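Protein chains in written order, with numbering that gives the first Met the number 0: chain A, 0 to 164; chain B, 0 to 174.
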Amino acid sequence: MKMLRNAIFQAMAIAAVSAAVGFVFNSYSRNGINPFRGAVNVPVTADTTQSGAEGIRVIELDEARRAIESGASVIDARRKDEFDEGHIPGAILFDYYDMGTYRDRVLPLLSNEKDIVVYCSEATCDDSELLAKELYLLGFTKLLVFKGGFAEWSGAGLPVERGEI
Amino acid sequence: MKMTWSQGARMPAGDRSGTHWIFNPYLLLAFRLLLAAIFIYAAVQKIGKPLAFADEIRNYGVVDYGPPLYIMAIVLPWIELLCGISLVTGVGVRGAALILVGLNAMFLAVIAKKTIGYMGDGTPFMKIYFDCGCGFGETYAWKKLLEDAVYLLVSLALLAAPRHRFAVSIRRRSS
Numbered sequence: 000m001k002m003l004r005n006a007i008f009q010a011m012a013i014a015a016v017s018a019a020v021g022f023v024f025n026s027y028s029r030n031g032i033n034p035f036r037g038a039v040n041v042p043v044t045a046d047t048t049q050s051g052a053e054g055i056r057v058i059e060l061d062e063a064r065r066a067i068e069s070g071a072s073v074i075d076a077r078r079k080d081e082f083d084e085g086h087i088p089g090a091i092l093f094d095y096y097d098m099g100t101y102r103d104r105v106l107p108l109l110s111n112e113k114d115i116v117v118y119c120s121e122a123t124c125d126d127s128e129l130l131a132k133e134l135y136l137l138g139f140t141k142l143l144v145f146k147g148g149f150a151e152w153s154g155a156g157l158p159v160e161r162g163e164i
Numbered sequence: 000m001k002m003t004w005s006q007g008a009r010m011p012a013g014d015r016s017g018t019h020w021i022f023n024p025y026l027l028l029a030f031r032l033l034l035a036a037i038f039i040y041a042a043v044q045k046i047g048k049p050l051a052f053a054d055e056i057r058n059y060g061v062v063d064y065g066p067p068l069y070i071m072a073i074v075l076p077w078i079e080l081l082c083g084i085s086l087v088t089g090v091g092v093r094g095a096a097l098i099l100v101g102l103n104a105m106f107l108a109v110i111a112k113k114t115i116g117y118m119g120d121g122t123p124f125m126k127i128y129f130d131c132g133c134g135f136g137e138t139y140a141w142k143k144l145l146e147d148a149v150y151l152l153v154s155l156a157l158l159a160a161p162r163h164r165f166a167v168s169i170r171r172r173s174s
């Protein structure tokens, strides 16, 4: 019993030191996150009648194509190697998992005046929606998530750009 | 009369290591180094990537969005790292073992839950292949379940061991 008490005491000490070090590291890390942000409340809708409404709207291929043709900003939420292999023309790379690298690079290129189309690999990936939520929290409100992603775009025979931007 | 820990027996101090082969001091040291290597490696893969790790946790469908998810993503890799360091250095071995018992039991439960979900979709058990988010990439579910069960047993052995060699004893000061 005494040994178990000691184990619990030691475990609490390890957990406390881990939490302290973890939070300090997170606050200085370029990929650090605010653990108390309210991403859960970001409105996401698939209602196509809400064109122009603020929030995050999930769109299909046709609407993605129209939005891009009419000058919307396009964000590719995939990894750099996937982006280099092929992406939607004019897309800007913003790897969702490397916020620290891309945040400062990409955010100045975006504007609330224009729609922002975000996509990832395919319909089953949710990085585009997660990134759209991040962008919403950063103040961007005209966000369109192209759920079919690059697979649907290239599968439809639409133009593809290769290499780095 | 042979007595075991579970019976709450008080064995003579300094003579407990011979009670069972699993408490052989060199075997216990090997267990510590094995668990330390695994958990330090896993931690290093996740430290500094809280969003990616939060996404992995979210995929298990146990903790969704919000502070609990992000706090877990920030703190859990550091707990794994410090447990690994404790096991290597011998400082707070029993505490680290207690945490690893809890962590491995939790990992087993969530991976079992996910595996059952895949089986519900008609995938045969032996063919379920996924990224467990553990820092080791994609693997077969049965292999991961087996690994975690072994880690759980090894952690339990470290927790229950009467004595650890090459370790620093830290005790709470009793008033």
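No residue lacks a Cβ here, since even glycine has one placed at the ideal position from N, Cα and C.
Everything numeric in this text was worked out from a predicted model, so none of it was measured.
Beta carbon proximity, residue i to chain A, threshold 8 Å
i        : result
B/Lys45  : no
B/Leu158 : yes
B/Leu27  : no
B/Gly94  : yes
B/Thr18  : no
B/Asp54  : yes
B/Leu81  : yes
B/Lys113 : no
B/Ile21  : no
B/Ser85  : yes
B/Tyr69  : yes
B/Leu102 : no
B/Pro66  : yes
C-beta atoms of residue i and residue j nearer than 8 Å
i        : j        : result
A/Leu129 : A/Tyr95  : yes
A/Val159 : A/His86  : yes
B/Val92  : B/Ala36  : no
A/Ala63  : A/Ile115 : no
A/Cys124 : A/Gly148 : yes
B/Cys32  : B/Val100 : The question names Cys, but residue 32 of chain B in the sequence shown is Leu. Result no, Cβ atoms of B/Leu32 and B/Val100 do not sit closer than 8 Å.
A/Arg4   : A/Leu143 : no
B/Ile180 : A/Ala14  : Residue 180 of chain B lies beyond the stretch modelled for chain B, which goes from 0 to 174, so this question has no answer here.
A/Ala18  : B/Val153 : no
B/Gly89  : B/Ile39  : no
B/Ala53  : B/Tyr69  : yes
B/Glu137 : B/Tyr150 : no
B/Gly188 : B/Glu55  : With chain B running from 0 to 174 in the structure shown, residue 188 of chain B is simply not present.
B/Pro66  : A/Phe35  : yes
A/Gly162 : A/Asp83  : yes
B/Phe22  : B/Pro161 : yes
A/Asp103 : A/Asn30  : no
From the options, residue whose alpha carbon lies closest to that of residue i
i        : options                               : result
A/Gly21  : B/Met71, B/Asn23, B/Gly60, B/Asp54    : B/Met71
A/Lys79  : A/Pro88, A/Ser69, A/Leu92, A/Leu3     : A/Leu92
A/Leu108 : A/Leu134, A/Ser127, A/Asp97, A/Asp126 : A/Leu134
B/Pro76  : B/Ala42, B/Tyr150, B/Gly89, B/Phe124  : B/Ala42
A/Leu106 : A/Glu59, A/Phe35, A/Gly138            : A/Gly138
A/Asn33  : B/Gly134, B/Pro49, B/Leu26, B/Gln44   : B/Pro49
B/Leu80  : B/Pro24, B/Ala104, B/Leu27, B/Gly134  : B/Gly134
B/Arg164 : B/Tyr25, B/Asp63, B/Thr18             : B/Tyr25
A/Ser127 : A/Ala90, A/Asp83, A/Glu84, A/Asn111   : A/Ala90
B/Met105 : B/Ala148, B/His19, B/Leu27            : B/Ala148
B/Asn103 : B/Leu27, B/Leu34, B/Phe22             : B/Leu34
A/Ser26  : B/Leu27, B/Asn58, B/Phe22, B/Gly47    : B/Gly47
A/Thr44  : A/Met2, A/Trp152, A/Glu59             : A/Glu59
A/Asn111 : A/Leu136, A/Gln9, A/Lys141, A/Met0    : A/Lys141
A/Lys132 : A/Ser28, A/Gly31, A/Gly54             : A/Gly54
A/Gly99  : A/Gln9, A/Phe8, A/Ser28, A/Ala6       : A/Ser28
B/Tyr117 : B/Trp20, B/Leu27, B/Phe30, B/Tyr59    : B/Tyr59
Residue-level contact to chain B via CB, residue i, 8 Å cutoff
i        : result
A/Ala155 : no
A/Gly51  : Residue confidence is low: A/Gly51 scores 48 on pLDDT, short of 50, so the model does not pin down where it sits. Its coordinate-derived value is still stated next. Judged by the 8 Å Cβ criterion, A/Gly51 is not in contact with chain B.
A/Ala76  : no
A/Tyr96  : yes
A/Val16  : yes
A/Leu106 : no
A/Val20  : yes
A/Leu129 : yes
A/Ala12  : yes
A/Thr35  : Just to set this straight, residue 35 of chain A is Phe in the shown sequence, not Thr. With 8 Å as the cut-off, A/Phe35 counts as an interface residue toward chain B.
A/Phe139 : no
A/Val144 : no
A/Ile55  : no
A/Ser120 : no
Any non-hydrogen atom of the ligand SAM within 7 Å of residue i CB
i        : result
B/Gly136 : Only the bare structure without any ligand can be found here, which leaves the ligand SAM out of the picture.
Original post:
Is the stretch 116 to 123 of chain A close to the stretch 67 to 83 of chain A, with three or more CB pairs under 8 Å?
Top reply: Counting C-beta pairs with one atom in each stretch, the stretch 116 to 123 of chain A and the stretch 67 to 83 of chain A have three or more that are closer than 8 Å, which means they touch.
Original post:
If you pair each beta-carbon of the stretch 149 to 157 of chain B with each one of the stretch 93 to 107 of chain B, do three or more pairs fall below 8 Å?
Top reply: Three or more beta-carbon pairs drawn from the stretch 149 to 157 of chain B and the stretch 93 to 107 of chain B are found closer than 8 Å, and the two stretches are therefore classed as touching.
Subject >> Any beta strand (DSSP E) of 3 or more consecutive residues that is wholly inside the stretch 76 to 159 of chain A >> reply: Counting only runs of at least 3 residues, the stretch 76 to 159 of chain A fully encloses the following beta strand (DSSP E) elements, listed from N- to C-terminal order: 115 to 118, 141 to 145.
Subject >> Contact the stretch 108 to 123 of chain B vs the stretch 137 to 144 of chain B: 3+ CB pairs below 8 Å >> reply: Contact holds: three or more Cβ-Cβ distances are below 8 Å.
Original post:
If you scan the stretch 41 to 73 of chain B from start to end, which runs of the alpha helix (DSSP H) of 4 or more residues do you find wholly inside it?
Top reply: Within the stretch 41 to 73 of chain B, the complete alpha helix (DSSP H) segments of 4 residues or longer fall at 49 to 58, listed in chain order.
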